[in-house]
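Participant:
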Amino acid sequence: MDTYDLVVIGAGPAGYVCAIRAAQLGLKAALVEKEEHLGGTCLNIGCIPSKALLHSTELFHHAAHGEHHGIVAKEVTVDVAKLMERKGKVVDQLRKGVGTLVQKRGITVLKGTGKLLGDHKVEVSGGGETKTVAAENIVIATGSSHAGLPFLEIDEKDIVSSTGALAFDAVPERLVVIGGGAIGLELGCVWARLGSKVTVVEFLPTIAAGSDDDVSKLAERIFKKQGLAIDTNTKVVACDKQNGALVLKAEKKGKEKTYEADKILISVGRKAHTDGLGLDNAGIETDERGRIPVDNFRTKAKGVWAIGDVIAGPMLAHKAEEDGVAVAEMIAGKPVHVDYNLVPNVIYTQPEIASVGLTERAAKDKGLDVKVGKFSLLANGRAIAQDATDGMVKVIADANTDRLLGVAVIAAGASEIIASAVAHMTYGGSAEDLGRTVHAHPTISESLKEAALAIEKAAIHAL
Ligand code: FAD
Ligand code: NAD
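Residue numbers (our numbering): 82 to 544.
#1: How about isoleucine 288 and glycine 245: are their beta carbons less than 7 Å apart?
#2: From glycine 121 to histidine 227, what does the alpha carbon distance come to, in whole angstroms?
#3: Taking the beta strand (DSSP E) that isoleucine 288 belongs to, which residues open and close that run?
#4: Helix, strand or coil for histidine 142? Go by DSSP, reduced to three states.
#5: Is there contact here, the stretch 321-340 with the stretch 289-304, by at least three beta-carbon pairs under 8 Å?
#6: Can you check whether the CB of leucine 397 is closer than 7 Å to the CB of alanine 444?
#7: Residue range of the alpha helix (DSSP H) that leucine 164 falls in?
#8: My understanding is that leucine 197 touches threonine 213, with C-beta atoms under 8 Å, so please give their C-beta distance in whole angstroms.
#9: I need the DSSP call for asparagine 377, collapsed to helix, strand or coil.
#10: Is glycine 187 near serine 206, with beta carbons less than 7 Å apart?
#11: Using only the alpha-carbon positions, how far apart do serine 292 and aspartate 368 sit?
#12: What ranges does the beta strand (DSSP E) occupy inside the stretch 442-478, keeping only unbroken runs of at least 3 residues that lie completely in it?
#13: If I follow the unbroken alpha helix (DSSP H) through aspartate 86, where does it start and stop?
#14: Measure the C-alpha to C-alpha separation of valine 385 and valine 424 and round it to an integer number of angstroms.
#15: Quick check on the burial criterion: 16 or more other C-beta atoms within 10 angstroms. Buried or exposed for phenylalanine 232?
#16: Please list the terminal residues of the continuous alpha helix (DSSP H) segment that includes glutamate 531.
#17: For lysine 115, which option in Ile101, Ala92 and Ala133 has the closest C-alpha, if you only look at C-alpha atoms?
#18: For leucine 256 versus tryptophan 272, is the C-beta distance shorter than 7 Å?
#19: Distance check for isoleucine 152 and leucine 285, CA to CA, integer angstroms please.
#20: Which residue marks the beginning of the alpha helix (DSSP H) containing threonine 507, and which one marks its end?
#21: Exposed or buried, which one is proline 253 when buried takes at least 16 other CB atoms within 10 Å?
#22: Taking all protein chains shown into account, decide if alanine 353 is buried (16 or more other Cβ within 10 angstroms of its Cβ) or exposed.
#23: Which whole-angstrom value is the C-beta distance of valine 427 and alanine 502, which I expect to be below 8 Å?
#24: Tell me, please, which residues DSSP counts as bridged to lysine 554.
#25: So, using beta-carbon positions, are serine 496 and aspartate 390 closer together than 7 Å?
#26: Which one or two residues does DSSP pair with leucine 112 in a beta bridge?
#27: What first and last residue would you give for the alpha helix (DSSP H) that runs through glutamine 323?
#28: Would you please state the rounded distance, in angstroms, between the beta carbons of asparagine 481 and aspartate 514? I believe it to be under 8 Å.
#29: Could you pull the DSSP bridge partners for serine 548 from this structure?
#30: Do you know how far the Cα of glycine 414 is from the Cα of glycine 269?
#31: Let me know if alanine 237 comes out buried or exposed under the rule of 16 or more other beta-carbons within 10 Å of its beta-carbon.
#32: Of the choices Tyr85, Glu117 and Arg167, whose alpha-carbon is the least far from that of alanine 103?
#33: Go ahead and label glutamate 117 buried or exposed: buried means 16 or more other beta carbons lie within 10 angstroms of its beta carbon, across all protein chains shown.
#34: Compute the distance between the beta-carbons of isoleucine 388 and alanine 110, then report whether it is under 7 Å.
#35: Less than 8 Å between the CB atoms is what I'm expecting for valine 98 and glutamate 402, so what's the real figure, rounded?
#36: Take the Cβ of methionine 82 as the centre, count every other Cβ of all protein chains shown within 10 Å, and call the residue buried at 16 or more, exposed below.
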């Protein structure tokens, strides 16, 4: 029986990163993957293909709406097949990159479904073969899959999860998106930009739930202005097919609403993936949400760890990667901890929505005495120059210590701007530190500095 220092089950951002870091530290690692390609949800059917489509459709939008810059392109059309082909090439390039990294690091890839057998053993079955491998450490990185609704069966054709919505072969005339979270907003925007009439139906009072209240309210106004129909406080409860169209029934504050659609995207969250993993054999039980309980990544079973979407915490690729690095380092004997409060969250719409740390409300709910600074992009020179004034930055600091508690940004390029807020918070920075940090002019990131200065009413470009 082949024996390793660690066997990682699942080759998404949690698993392959864990295996690479382990190999860097001199450990003998094997990576088990049931799908044809490495990279997991993120690379194959998540982060990367969605960002490829978001970029292509943004180009289309700019090409079709350049009149007020004096740029008039007549009859801008979109070739959906070509758009999808490019998306495929982007994914392929990165698959090759991950494959090369894994191979060059000397990691053994075992193709097949991994199952815990207990006693430090993993069974791998695939391609008609079954083999058993042994390892001192087993790392579960099996990720997540889309959640559904009991009355709507996903066929990935008309009623789709994100996977189907990343692969439509034509622009749907009417697309109803159930759930106004990251997936619903990103993919809703993709198809709306190409001309689909998109309606986002959200159960909670706000879209982009979990964002700061000011940001989610502004986001709703901006996306409505862009042509997205958004119904919050609305719960979809049933679906029928009438005269070829899909008819959704929903409840809004006790009243019934109906929506007709050609395609429906169900984006109501994701659930941990543990099917067929043999958790029983290792004596591991899942929590009420199907996730594997861990204590600093250690499961109840000796030598078995779990990382990424399959455990509690933000379901994000960069968080999964941090988990992976931490576990590899712990196995190699280094003490590590990942602070989930410092994991940034981004929704890649236009403008992008990015945040780190606490929202104003969450900070107050914790009983903290807070002070807040805000800055509107309407007063930012670069934003005006590039037609990107829809947005704002909000900085939340502790009123007694001035320590940064959270930053929320809705702006073009927010995904990049948030990185400096994360760095300040990682090193325990204060609002004054951020306000005194020199930012290049003209940049949208100057709004971050101005929002920090606004806490003491010292923002220069605001009254
Ligand atoms: P996964 O990526 O799900 O990987 C798990 C792997 O394990 C899979 O390859 C699976 O096939 C394999 N596996 C499962 N069970 C077994 C088994 N028994 N044996 C062998 N292999 C197994 N996050 C971001 O941070 N930024 C984004 O922009 C972003 N965009 C997204 C867009 C979409 C449409 C979706 C769906 C998700 C997006 N996410 C994004 C979330 C991100 O994809 C996940 O948080 C991330 O992939 C989790 O990594 P993971 O390694 O834990 O799991
Ligand atoms: P989500 O949890 O972000 O949003 C789901 C939304 O659906 C919630 O707001 C919820 O209130 C709503 N909802 C649930 N049931 C409903 C119903 N019956 N009717 C109407 N609304 C309903 O989940 P998601 O958008 O599916 O994304 C799944 C995961 O993938 C998230 O954890 C997210 O972090 C991750 N992801 C991240 C990115 C990114 O980082 N940019 C992009 C896509 C996905």
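Just so it is clear, CB atoms sit at the ideal spot from N, CA and C, and this is done for glycine as well.
Facilitator: Straight from the coordinates:
#1: Residue numbering aside, residue 288 sits at position 207 when the sequence shown is read from its first letter. Residue numbering aside, residue 245 sits at position 164 when the sequence shown is read from its first letter. The answer is no: Cβ separation not under 7 Å.
#2: Counted from its first residue, the sequence shown places residue 121 at position 40. Counted from its first residue, the sequence shown places residue 227 at position 146. Computed Cα separation, rounded: 13 Å.
#3: For the purposes of this step, residue 288 is taken as residue 207 along the sequence shown, with counting starting at 1. Looking at the DSSP string, isoleucine 288 is not in any beta strand (DSSP E), and its letter there is neither H nor E.
#4: Residue numbering aside, residue 142 sits at position 61 when the sequence shown is read from its first letter. DSSP, read as helix, strand or coil, puts histidine 142 in helix.
#5: As far as the Cβ criterion goes, the stretch 321-340 does not touch the stretch 289-304, which means the pair count is below three.
#6: Residue mapping note: residue 444 aligns to position 363 of the sequence shown, counting from 1. Residue mapping note: residue 397 aligns to position 316 of the sequence shown, counting from 1. No, they are not a contact pair.
#7: Position 83 of the sequence shown, counted from the first residue, corresponds to residue 164. Note, leucine 164: alpha helix (DSSP H), 161-185.
#8: For this step, residue 197 is matched to residue 116 along the sequence shown. For this step, residue 213 is matched to residue 132 along the sequence shown. So it is not a contact: roughly 11 Å between Cβ atoms.
#9: Taking the first residue of the sequence shown as 1, we reach residue 377 at position 296. Looking at asparagine 377 - three-state DSSP - the assignment turns out to be coil, as it is neither helix nor strand.
#10: Taking the first residue of the sequence shown as 1, we reach residue 187 at position 106. Taking the first residue of the sequence shown as 1, we reach residue 206 at position 125. No. Outside cutoff.
#11: Translated into positions along the sequence shown, residue 292 becomes position 211. Translated into positions along the sequence shown, residue 368 becomes position 287. Straight-line Cα distance between these residues: approximately 26 Å.
#12: 451-457
#13: In the sequence shown, residue 86 corresponds to position 5, counting from 1. From DSSP, aspartate 86 is part of no alpha helix (DSSP H) but of the beta strand (DSSP E) over 84-90.
#14: Looking up residue 385 in the sequence shown gives position 304. Looking up residue 424 in the sequence shown gives position 343. The alpha-carbon atoms of valine 385 and valine 424 are separated by roughly 24 Å.
#15: The count along the sequence shown starts at 1 and reaches residue 232 at position 151. With fewer than 16 other Cβ atoms within 10 Å, it is exposed.
#16: Translated into positions along the sequence shown, residue 531 becomes position 450. Its alpha helix (DSSP H) spans residues 527-535.
#17: Walking along the sequence shown from the start, residue 115 turns up at place 34. Nearest option by C-alpha distance: Ala92.
#18: The count along the sequence shown starts at 1 and reaches residue 256 at position 175. The count along the sequence shown starts at 1 and reaches residue 272 at position 191. In contact: leucine 256 and tryptophan 272 (Cβ atoms closer than 7 Å).
#19: Position 204 of the sequence shown holds residue 285. Position 71 of the sequence shown holds residue 152. Roughly 40 Å separates the two Cα atoms.
#20: Here residue 507 is taken as the residue at index 426 of the sequence shown, counted from 1. Segment 495-507, the alpha helix (DSSP H) holding threonine 507.
#21: The count along the sequence shown starts at 1 and reaches residue 253 at position 172. The residue is buried, with at least 16 neighbouring Cβ atoms inside 10 Å.
#22: Position 272 of the sequence shown, counted from the first residue, corresponds to residue 353. Buried.
#23: To locate residue 427, count along the sequence shown from 1; it is residue 346. To locate residue 502, count along the sequence shown from 1; it is residue 421. Not really, about 12 Å apart at Cβ, beyond 8 Å.
#24: Limits of the chain in this structure are 82 at one end and 544 at the other, which puts residue 554 out of reach.
#25: Here residue 496 corresponds to residue number 415 of the sequence shown, with the count starting at 1. Here residue 390 corresponds to residue number 309 of the sequence shown, with the count starting at 1. Not closer than 7 Å, so no.
#26: Taking the first residue of the sequence shown as position 1, residue 112 is located at position 31. Its beta-bridge partners are Val89 and Val190.
#27: Start at 1 with the first residue of the sequence shown, and residue 323 comes out as number 242. No alpha helix (DSSP H) holds glutamine 323; the beta strand (DSSP E) holding it covers 315-323.
#28: Residue 481 sits at position 400 when you count from the first residue of the sequence shown. Residue 514 sits at position 433 when you count from the first residue of the sequence shown. That belief does not hold up - the Cβ atoms of asparagine 481 and aspartate 514 are roughly 16 Å apart, past 8 Å.
#29: As shown, the chain starts at 82 and ends at 544. That puts residue 548 outside it, with no answer to give.
#30: Taking the first residue of the sequence shown as 1, we reach residue 269 at position 188. Taking the first residue of the sequence shown as 1, we reach residue 414 at position 333. Between the alpha carbons of glycine 269 and glycine 414 lies a gap of roughly 45 Å.
#31: Counting from 1 along the sequence shown, the entry for residue 237 is found at position 156. Note that residue 237 is glutamate in the sequence shown, not alanine. Classification of glutamate 237: exposed, given that the 10 Å Cβ count is below 16.
#32: Stepping through the sequence shown from its first residue, residue 103 is reached at position 22. Checked all of Tyr85, Glu117 and Arg167; the closest Cα to alanine 103 is Tyr85.
#33: As a position in the sequence shown, residue 117 is number 36, starting the count at 1. By the neighbour-count rule (16 or more Cβ atoms within 10 Å), glutamate 117 is not buried but exposed.
#34: Locating residue 388 in the sequence shown gives position 307, where the first residue counts as 1. Locating residue 110 in the sequence shown gives position 29, where the first residue counts as 1. For isoleucine 388 and alanine 110, no; Cβs fall outside 7 Å.
#35: For the purposes of this step, residue 98 is taken as the residue at position 17 of the sequence shown. For the purposes of this step, residue 402 is taken as the residue at position 321 of the sequence shown. Right, the Cβ-Cβ distance comes to about 4 Å (below 8 Å), so this counts as a contact.
#36: Here residue 82 is taken as the residue at index 1 of the sequence shown, counted from 1. Methionine 82 should be labelled exposed.
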